[in-house]
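Here the structure comes first, spelled out in structure tokens, and everything after it is commentary.
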Amino acid sequence: MSTSADHEAEDALMEAPVAQQDSRYFSEELFESLPLSEPTQRILKELNFVKMTKIQAKSIRPLLSGSDLLGAAKTGSGKTLSFLIPAVELL
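What follows is the structure, given as structure tokens:
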């Protein structure tokens with residue numbers, strides 16, 4: 001059951017400003033090109049994640065296939081999501 005507080009939180013999220021994308025960190029690869037479950041794709045779209053960062057583009061596919069990976073990138077470049085998406089998908 002959805003409450004008015006839930007709707008208010010959703011509205012606030014949808015109205016939140018989108019952060020500027022620093023082209024030094026973003027690739028041309030799209031999240032929708034990944035072989036992800038429908039719920040994961042849906043939430044990525046809802047959160048306005050469209051283009052992957054360079055670290056995400058280089059790491060998510062190998063991690064989804066079960067490969068080990070060591071990655072290094074600057075703070076704020078998307079490393080956490082690079083590892084969380086495959087972790088959730090492989091559960």
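Mapped onto UniProt numbering, the consecutive letters of the sequence shown carry residue numbers 1 to 91. The C-beta atom is built at its ideal place from N, Cα and C for all residues, glycine as well. Everything numeric in this text was worked out from a predicted model, so none of it was measured.
As computed with DSSP, LEU63 is found in no beta bridge at all. Counting only runs of at least 4 residues, the region 18 to 55 fully encloses the following alpha helix (DSSP H) elements, listed from N- to C-terminal order: 38 to 46. Taking a contact as a CB-CB distance under 8 Å, the pair LYS51 and SER27 counts as one, their CB atoms being some 7 Å apart.
In the structure shown, ALA57 adopts helical secondary structure according to DSSP, grouped into three states.
Around ALA73, the same chain offers ILE55 and LYS79 as residues with beta carbons nearer than 7 Å, after the five sequence neighbours per side are excluded. Secondary structure of THR80 (DSSP, three-state): helix.
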